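Residue numbers (our numbering): 1 to 136.
Take a look at the structure set out below.
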Ligand code: UDP
Ligand code: MG
């Protein structure tokens, strides 16, 4: 059964800074994702804190929020069959050192914090995250 889905993808500051956005967007379209919406934004630390609220008790929360708000990012609505899972596969493990060959984090990630891309981890969170960036 085909299940057309949408997920949120973010090209993080480290990748935008290195001007990798066109290359990374091409990686998504090569894998059958359609980029339905897209915008380049520079969020505040407070917005990053709201976006990553799920991680507020983690030791890396403050650095993570400073980092996501440190420069421009590209936020996108990606669409395809099983978009959430397929995007997570394409992204690879959180730490680029652990990411499989060919994944975005393996190819472009610099470190666990500067890992180039974000992707929603469930259909429920995809809805919440898409709303956060595109319906406010
Ligand atoms: N992160 C970090 N240190 C850690 C774990 C995570 O800096 O020890 C950052 C990393 O950039 C990651 C983000 O926090 O992408 C969110 O963490 P999560 O566990 O949700 O990983 P993801 O879903 O992005 O793979
Ligand atoms: Mg996550």
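For each residue, glycine too, the CB sits at the ideal point set by N, CA and C.
Because the structure is a prediction, the values reported are computed rather than measured.
Legend entry - C-beta atoms of residue 103 and residue 89 nearer than 9 Å: Yes, these two residues count as a Cβ contact at 9 Å.
Legend entry - the segment 57–73 / the segment 105–115 touching (three or more Cβ pairs under 8 Å): Yes, since at least three Cβ pairs between the segment 57–73 and the segment 105–115 fall closer than 8 Å, the two stretches touch.
Inset, instruction - Report whether the distance from the Cβ of residue 93 to the nearest heavy atom of ligand 1 is below 8 Å. - result: yes
Inset, instruction - Could you tell me how far apart the beta carbons of residue 24 and residue 11 are, in whole angstroms, since I believe they sit closer than 8 Å? - result: About 6 Å separates the beta carbon of residue 24 from that of residue 11, a gap short enough to meet the 8 Å contact definition.
Legend entry - Closest Cα partner of residue 13 within the set 106, 71, 128: 71
Legend entry - Selected residue, minimal CA-CA separation from residue 96, among 66, 2, 26, 117: Per the Cα distances, 117.
Legend entry - Whole-Å CB distance - residue 120 paired with residue 20, under 8 Å assumed: Wrong, their Cβ atoms sit about 20 Å apart, outside the cutoff.
Legend entry - Counterpart residues of residue 78 in DSSP-defined beta bridges: Looking at the DSSP assignment, residue 78 forms a beta bridge with 7, 35.
Inset, instruction - Would you please state the rounded distance, in angstroms, between the beta carbons of residue 5 and residue 123? I believe it to be under 8 Å. - result: 6 Å
Inset, instruction - For residue 113, verify whether its CB is less than 8 Å away from any heavy atom of ligand 2. - result: False, no ligand heavy atom lies under 8 Å from that Cβ.
Inset, instruction - With DSSP as the reference, label residue 114 as helix, strand or coil. - result: coil
Inset, instruction - Could you spell out the range, first to last residue, of the alpha helix (DSSP H) harbouring residue 49? - result: For residue 49, the enclosing alpha helix (DSSP H) stretches over residues 45–51.
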